[in-house]
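Residue numbers (our numbering): 258 to 761.
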């Protein structure tokens with residue numbers, strides 16, 4: 258089944274009716290996420306976590322923390338009421354390292370089951386590793402390297418080869434457990450982490466690939482790095498940090514005390530306590546594996562639970578394009594516009610890579626999505642929606658290119674936000690120019706006859722070394738006027754060519 262042929266009616270059939278919820282009972286946090294439905298691109302209806310720390314002192318006592326258990330039961334009681342009030346049709350509850358390792362884990366599960374009135378699955382280390390990797394692939398289909406899910410009590414490492422998940426392992430080096438086992442000594446925590454990693458075979462096979470970082474502590478580490486570097490795309494999903502920069506950042510964080518992390522980086526007290534140990538684990542994993550890049554995945558075990566329930570043909574869909582088409586169905590004025598614009602804009606994509614072609618198609622899908630907005634603000638609305646929207650299957654360079662293209666589709670060449678300088682630095686001059694040209698081209702196409710896809714399809718864009726030509730049938734000559742001429746001139750000027758209208 259091709260993505261392009263998947264119509265809106267078929268897309269609706271690929272989703273499970275009704276809201277779905279997942280509760281993840283971890284060593285440090287307990288979280289409820291409610292999704293609008295189980296689909297390739299589910300929207301989050303509700304998302305809340307409680308930092309209970311049930312795995313605190315587990316390594317020395319062998320049992321779940323009493324205060325943490327009471328905190329957990331209070332959170333689960335709240336989550337049950339919320340799930341029922343939101344009309345959740347299916348609630349999956351999973352428990353991870355702390356519960357499976359604690360001698361009173363079964364007692365906790367029995368009590369939690371009564372509190373929630375729902376079954377609870379205690380995941381094995383291998384199951385947890387697999388679900389985390391499934392979640393990574395759900396959000397980053399072409400992932401190639403290693404999924405790393407850092408929870409409070411354990412680290413799950415799972416090889417992923419171009420989206421195909423291999424068998425993973427679970428290591429007892431979560432921040433809560435490391436704090437306890439090391440006596441709150443970071444040097445000792447490094448040694449313990451190295452000892453666990455040394456037992457995993459084949460870590461040297463990942464040189465040059467990426468670590469897909471899952472888990473709240475690693476997301477906090479990435480968020481701090483994003484702030485310190487003034488990164489222009491304020492989205493954690495697929496935020497990338499190169500190897501040496503990531504190691505240096507981890508060393509920087511381990512040199513800061515809890516009070517500094519709370520005050521300067523606005524981390525909560527409980528998160529600030531565990532963050533240096535998460536940095537230790539990240540540093541040691543990078544050094545043990547020679548992975549060249551850290552890429553944050555906002556998707557993990559919870560999304561893995563949801564994604565694993567979908568039919569294979571739905572899982573195979575492109576998450577970005579599927580999501581944008583569902584958006585366009587609600588806001589685009591005419592069917593068939595995507596394909597007409599994609600074919601029409603092909604000369605602007607000469608020599609493009611498959612990923613650049615995919616981003617161009619994404620721009621064509623959204624080219625009419627902001628038409629209901631105020632004319633003075635459409636360009637900013639669509640810019641923000643694409644640059645910082647809840648999208649998956651797109652990295653930060655892709656977001657920047659898409660946002661710049663759609664900005665110019667609505668505003669032309671008249672205004673350029675100062676923030677484009679940072680985005681241009683992220684993209685590079687050639688990719689930035691392509692994005693601007695695409696936006697100006699879509700602006701021209703959509704002014705030929707509005708959103709009339711059949712009319713757009715009768716025209717063509719031709720790009721030569723010296724000229725940009727708009728080719729039109731003589732029967733449509735009346736469409737050529739000052740608005741079209743001006744927009745063609747804008748495109749030609751941006752490309753350093755002369756404009757021409759050719760009647761056929």
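Every residue gets a Cβ at the ideal spot worked out from N, C-alpha and C, and that includes glycine.
These numbers were taken from a predicted model, which means no experiment stands behind them.
Taking residue i and residue j to be in contact with their CB atoms under 8 Å, please state how far apart those CB atoms are, rounded to whole angstroms.
i, j, result
"residue 630", "residue 662", "That belief does not hold up - the Cβ atoms of residue 630 and residue 662 are roughly 17 Å apart, past 8 Å."
"residue 467", "residue 548", "6 Å"
"residue 694", "residue 744", "Between residue 744 and residue 694 the Cβ distance is about 12 Å, and since that is not below 8 Å, they are no contact."
"residue 607", "residue 720", "7 Å"
"residue 684", "residue 709", "So it is not a contact: roughly 32 Å between Cβ atoms."
"residue 412", "residue 431", "6 Å"
"residue 689", "residue 285", "Wrong, their Cβ atoms sit about 41 Å apart, outside the cutoff."
"residue 563", "residue 622", "That pair is no contact at about 24 Å."
Starting from the C-beta of residue i, find all residues in its chain whose C-beta is less than 8 Å away, skip the five residues before and the five after it, and write them out in chain order.
i, result
"residue 723", "754, 755"
"residue 600", "714"
"residue 476", "470, 493, 553, 555"
"residue 511", "443, 533, 536, 537, 540"
"residue 417", "390, 393, 394, 400, 401, 402, 403, 404, 423, 469"
"residue 302", "276, 291, 292, 293, 343"
"residue 676", "489"
"residue 420", "394, 398, 399, 400, 401"
Less than 6 Å between C-beta atoms, sequence neighbours within five positions excluded: which residues of the same chain meet that for residue i?
i, result
"residue 278", "291, 340, 345, 348"
"residue 546", "460, 463"
"residue 539", "507"
"residue 727", "745, 758"
"residue 319", "360"
"residue 640", "660, 664"
"residue 692", "658, 661, 662"
"residue 737", "758"
"residue 649", "396, 576"
How far does the beta strand (DSSP E) with residue i in it extend, from its first residue to its last?
i, result
"residue 445", "No beta strand (DSSP E) contains residue 445, which is instead part of the alpha helix (DSSP H) from 443-455."
"residue 407", "402-407"
"residue 417", "412-418"
"residue 719", "717-720"
"residue 571", "Segment 569-572 is the alpha helix (DSSP H) holding residue 571; no beta strand (DSSP E) there."
"residue 428", "426-428"
Any heavy atom of the ligand COA closer than 7 Å to the beta-carbon of residue i?
i, result
"residue 481", "The ligand COA is not part of the structure shown, which contains no ligands of any sort."
Which residues in the same chain have their Cβ closer than 7 Å to the Cβ of residue i, if we skip the five residues on either side of it in sequence?
i, result
"residue 272", "Note that residue 272 scores 48 on pLDDT, short of 50, meaning its location in the model is unreliable; the coordinates nonetheless yield the value given after this. If we look at residue 272 and ignore the five residues flanking it on each side, its Cβ neighbours are 294, 295, 296."
"residue 415", "386, 387, 389, 390, 403, 404, 422, 423, 425"
"residue 666", "624, 696, 699, 700"
"residue 638", "627, 630"
"residue 590", "625, 628, 708"
"residue 304", "290"
"residue 616", "655, 658, 659"
"residue 356", "282, 362, 365, 366, 379"
What are the partner residues of residue i, as DSSP defines its beta bridges?
i, result
"residue 304", "290"
"residue 350", "280"
"residue 537", "Looking at the DSSP assignment, residue 537 forms no beta bridge with any residue, so it has no partner."
"residue 497", "552"
"residue 729", "760"
"residue 708", "706"
"residue 316", "For residue 316, which the question treats as bridged, DSSP gives no partner whatsoever."
"residue 423", "According to DSSP, residue 423 bridges with nothing at all."
Just curious, the alpha helix (DSSP H) that residue i is in, first and last residue?
i, result
"residue 656", "653-668"
"residue 762", "This structure cannot settle anything about residue 762, because the visible part of the chain is limited to 258 through 761."
"residue 617", "611-623"
"residue 485", "473-485"
"residue 681", "677-684"
"residue 558", "558-564"
"residue 581", "576-588"
"residue 394", "382-396"
"residue 331", "323-342"
"residue 522", "515-522"
"residue 598", "594-601"
"residue 604", "From DSSP, residue 604 is part of no alpha helix (DSSP H); its letter is neither H nor E."
"residue 741", "739-752"
"residue 362", "362-373"
"residue 437", "432-438"
Q: Would you be able to state if there are at least three C-beta pairs under 8 Å between the segment 386-405 and the segment 565-585?
A: Yes: the two stretches touch, three or more of their Cβ pairs being nearer than 8 Å.
Q) Okay, do the segment 297-310 and the segment 329-337 touch, 3+ Cβ pairs below 8 Å being the bar? A) The segment 297-310 vs the segment 329-337: in contact.
Q) Are the segment 501-513 and the segment 475-493 touching by the rule of at least three beta carbon pairs closer than 8 Å? A) Taking a cut-off of 8 Å on C-beta distances, the segment 501-513 touches the segment 475-493, as three or more cross pairs fall below it.
Q: State whether the segment 437-445 contacts the segment 486-504, with contact taken as three or more CB pairs (one from each stretch) at a distance under 8 Å.
A: In this structure the segment 437-445 does not lie against the segment 486-504, because fewer than three pairs of beta carbons, one per stretch, are closer than 8 Å.
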